[in-house]
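Undergrad: After the structure tokens below, expect a handful of questions from me.
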Amino acid sequence: METLTETQIRRRVESAYRLFVIRDRYLLQCDANERSLTHKLAEYLVPQFPHWDVDCEFNRDGKVPKSVPSWRGNISPSDTQAKTVFPDIIVHKRGSDQNLLVIEAKKSSTAATSEDAAKLAAYRSSLAYRFVCLVVFPVGPAGRPRAADDVSFPYRSTLTG
4 METLTETQIR
14 RRVESAYRLF
24 VIRDRYLLQC
34 DANERSLTHK
44 LAEYLVPQFP
54 HWDVDCEFNR
64 DGKVPKSVPS
74 WRGNISPSDT
84 QAKTVFPDII
94 VHKRGSDQNL
104 LVIEAKKSST
114 AATSEDAAKL
124 AAYRSSLAYR
134 FVCLVVFPVG
144 PAGRPRAADD
154 VSFPYRSTLT
164 G
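So this is what it looks like as structure tokens:
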């Protein structure tokens, strides 16, 4: 299994983001749906992580839905055990507990909130993602994408593996 440092992860995500901006800037300029943006970014992440699976809104932990007991944002009354979660993008090994990276994405028109930060922290603690990343897509005609500004790793990794 490939062991990656935070610096290596950051460089790979920023590289994929820059390629996304070069090839798909139109999606940012026309303020496309967040799912469209994350899907295209995930496509550019695939070659950056050749030994891993890259998925959008993947909600499985083995054969059961991924859940985060420590995150209590917007809980449905029917979800009594834990919050079922749909991370925007994940880099992991399907069918195993090897969770490398989770990416939460927001458009600049709906900036990240404290709930997003709590969700990232919960992904890291409850689902053992080694790294968590927040991407804020600068949308609209005035948006000026810069990987150094738009891609952040708000929590340092303390997990090993």
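Numbering (my numbering), first residue to last: 4 to 164.
Think of the CB as a built atom: it goes at the ideal place given N, C-alpha and C, for glycine as much as any other residue.
1) Could you compute how far the alpha carbon of Ala145 sits from the alpha carbon of Asp153?
2) Taking Glu107 as part of the beta strand (DSSP E), name the residues at either end of that continuous run.
3) Alpha carbon to alpha carbon, what distance is there between Asn36 and Leu137?
4) Ordered along the chain, which non-local residues of its own chain (more than five positions away) have a Cβ less than 6 angstroms from that of Tyr20?
5) Count the other CB atoms within 10 Å of the CB of Glu5; is the residue buried (16 or more) or exposed (fewer)?
6) Where DSSP assigns a beta bridge to Val128, which residues make up the other side?
7) Near Val49, what residues of its chain come up, given a Cβ to Cβ distance below 6 angstroms and the 5 sequence neighbours on each side ignored?
8) Express the C-alpha separation of Ser117 and Tyr126 in angstroms, rounding to a whole number.
9) With a threshold of 7 angstroms on Cβ separation, who are the neighbours of Val67 within its own chain once the five nearest residues in sequence on each side are excluded?
10) Between the C-alpha atoms of Cys33 and Phe61, what's the straight-line distance to the nearest angstrom?
11) Pick from Ser39, Phe156 and Lys43: whose alpha carbon is nearest that of Val105?
12) Would you report the Cα separation of Ser39 and Thr113, rounded to the nearest angstrom?
13) To the nearest angstrom, how far is the alpha carbon of Ile28 from that of Leu22?
TA: Taking the coordinates as given:
1) Rounded to whole angstroms, Ala145 and Asp153 show a C-alpha spacing of 15 angstroms.
2) Its beta strand (DSSP E) spans residues Asn102 to Lys110.
3) About 17 angstroms.
4) Ala150 and Val154.
5) It is exposed - the Cβ of Glu5 has fewer than 16 other Cβ atoms within 10 Å.
6) A quick correction: the sequence has Ser, not Val, at residue 128. According to DSSP, Ser128 bridges with nothing at all.
7) If we look at Val49 and ignore the five residues flanking it on each side, its Cβ neighbours are Val57.
8) Approximately 14 angstroms between the Cα atoms of the pair.
9) For Val67, the predicted structure reports a pLDDT of 49, less than 50, and the residue's modelled location is therefore unreliable. A value from the coordinates is still provided. If we look at Val67 and ignore the five residues flanking it on each side, it has no Cβ neighbours.
10) Roughly 26 angstroms between the two C-alpha positions.
11) Checked all of Ser39, Phe156 and Lys43; the closest Cα to Val105 is Phe156.
12) Rounded to the nearest angstrom, the two C-alpha atoms are 15 angstroms apart.
13) For clarity, residue 28 is Arg in the given sequence; the question names Ile instead. Taking C-alpha positions only, Arg28 is separated from Leu22 by approximately 9 angstroms.
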